[in-house]
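Numbering (our numbering), first residue to last: 15 to 587. Don't be surprised by glycine CBs; every beta carbon is placed ideally from N, CA and C. Scroll down for the structure; my scribbles are underneath it.
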């Protein structure tokens, strides 16, 4: 790491009408020649800080300088040395890759031979040369991010600001983006990478950890994880229900946090807590607690005072179903074509009652298409899809009454209030009269929606949108829940709250099918189906998939290692 390139001095930002400042007295230095992670949950103030650095907002108090230039007085000079890629980068989806590059070159004043040289360099750098004629709207999520990065790099900026570039991007594309950014860093560029994924913080040279507008930590990621060293454990060889073990463990006063990791349960203990036996939380006499390396996320949860654990209030409201092992979701040779394009190709799998089945794959692999066919929202070209024994080609309406669906973008109506969304979706699922009112009141209480009932949904923080979307999907007590990337971009505490509810309803006999790009989240699944280019290339428990990629170089692979290894080794990659 080199000299200071961005200096942030006691910066506060207040927005009119807001009860608290978006940023409160932030002090930090960002160095040249490294990736500085701007890390924190939704609403932490990351985007506001990036926009202040870029000169797009004015600070209420304090000062920011970029290479010695004041962000207020010298905003024009700063824009010439910065590349800023916002969360929703403004690609024009009807324009081709080359047309988007040309447009942004015009805006940045890159002309003549410099333009030709830049296009050649950036297309090679992003590996988009093969796709220069393809409309941006037909690129996968990862390719869109690469094109956005290429447009941002026009004009050779000295400082690169990236606002959550990996949200909704699969692990392979994430790894490629990181590799590309590291190449830029090696050339002396300063990069600020904003993210709500705490595993990405560990890839940064320095991190600024934020929450609710305050800077909680600034320094090397390893310095933060050191605070929970010797307090992180994993319960292995669990006999019985791992979800029951997690619930019992996180209900204890000496446990700070807990998550499921495939067939094990990972715990963080409070400082000076006694290390207990697995048998004390129902893991069986042969279970064992083994110490594991701390993660950045463990330390963040520790700073916040603990995760969301214990028993799900939502699950207590649902009537239990018999966990009889019956098949409730069936896909047989499921195929979907859009013209000549085969989105899914003879996909076959079964899911049993009370099971969490994950559908994983790169962007554009066919996950959401498969999901929509299984929900009766998209008609299959060939093959059969059944839920609860009902053929979705013949009885889609009846089948939809037995399932709840939480879409990738939540499918909430942004112009309606919270209570109006609850009324609409409960009515769509057939609830009427007293039962409808009773179920709405119950969801308001379970998810803490009372203070927001009259708020427009599009004004809610992401975490509350997620709660509302889940409430809308479960209030009719479905047998099956379909969750399409339900926690993309939300913070770890909210993600734990979400999975506490999911684990709870699964224990009551509800079946869950989920897609996700968050590999730690995939560990909650009982089984995973991995899709690549419309084909199902592997099915198994998370630990079984990891075993498939074990090697001398990689003796203890993560779920992300398994995902990348299986996709790249499938012959479809």
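Please report the Cβ distance between residue i and residue j, rounded to the nearest whole angstrom; I am assuming they are in contact, meaning their Cβ atoms lie under 8 Å.
| i | j | result |
| --- | --- | --- |
| residue 199 | residue 48 | 6 Å |
| residue 525 | residue 365 | 6 Å |
| residue 99 | residue 80 | About 16 Å separates the two Cβ atoms, so there is no contact after all. |
| residue 510 | residue 284 | With 8 Å as the limit, residue 510 and residue 284 do not qualify as a contact, their Cβ atoms being about 16 Å apart. |
| residue 402 | residue 416 | 5 Å |
| residue 374 | residue 358 | Not confirmed; about 14 Å, so no contact. |
| residue 466 | residue 432 | 5 Å |
Would you identify the three-state DSSP class for residue i, choosing helix, strand or coil?
| i | result |
| --- | --- |
| residue 340 | coil |
| residue 165 | helix |
| residue 407 | coil |
| residue 30 | coil |
| residue 382 | helix |
| residue 185 | helix |
| residue 285 | coil |
| residue 461 | coil |
| residue 202 | coil |
| residue 368 | coil |
| residue 451 | helix |
| residue 402 | coil |
| residue 305 | strand |
| residue 17 | coil |
| residue 466 | helix |
| residue 23 | strand |
Confirm, please, whether the CB-CB distance from residue j to residue i is below 8 Å.
| i | j | result |
| --- | --- | --- |
| residue 310 | residue 178 | no |
| residue 132 | residue 168 | yes |
| residue 555 | residue 369 | no |
| residue 279 | residue 306 | no |
| residue 577 | residue 546 | no |
| residue 385 | residue 498 | yes |
| residue 315 | residue 282 | yes |
| residue 20 | residue 173 | yes |
| residue 191 | residue 159 | yes |
| residue 254 | residue 296 | yes |
| residue 2 | residue 313 | Any question about residue 2 goes unanswered here, given that the chain covers just 15 to 587. |
| residue 471 | residue 426 | yes |
Within the continuous alpha helix (DSSP H) that includes residue i, where are the two ends?
| i | result |
| --- | --- |
| residue 559 | 556-561 |
| residue 573 | 573-582 |
| residue 60 | 60-67 |
| residue 127 | 126-140 |
| residue 275 | From DSSP, residue 275 is part of no alpha helix (DSSP H) but of the beta strand (DSSP E) over 269-275. |
| residue 118 | 111-122 |
| residue 239 | 235-239 |
| residue 507 | 506-521 |
To the nearest angstrom, how far is the alpha carbon of residue i from that of residue j?
| i | j | result |
| --- | --- | --- |
| residue 495 | residue 414 | 11 Å |
| residue 317 | residue 227 | 15 Å |
| residue 25 | residue 31 | 19 Å |
| residue 273 | residue 108 | 43 Å |
| residue 569 | residue 575 | 11 Å |
| residue 137 | residue 330 | 54 Å |
| residue 381 | residue 391 | 14 Å |
| residue 55 | residue 404 | 41 Å |
| residue 130 | residue 205 | 25 Å |
| residue 507 | residue 210 | 11 Å |
| residue 439 | residue 486 | 6 Å |
| residue 344 | residue 180 | 32 Å |
Kindly indicate the opening and closing residues of the beta strand (DSSP E) around residue i.
| i | result |
| --- | --- |
| residue 261 | Careful: residue 261 lies outside any beta strand (DSSP E), inside the alpha helix (DSSP H) at 256-264. |
| residue 225 | 220-225 |
| residue 246 | 246-250 |
| residue 94 | Segment 89-95 is the alpha helix (DSSP H) holding residue 94; no beta strand (DSSP E) there. |
Would you say the beta carbon of residue i comes nearer than 7 Å to a heavy atom of the ligand HEM?
| i | result |
| --- | --- |
| residue 188 | Annotation note on the ligand HEM: not contained in the displayed structure, which lists no ligands. |
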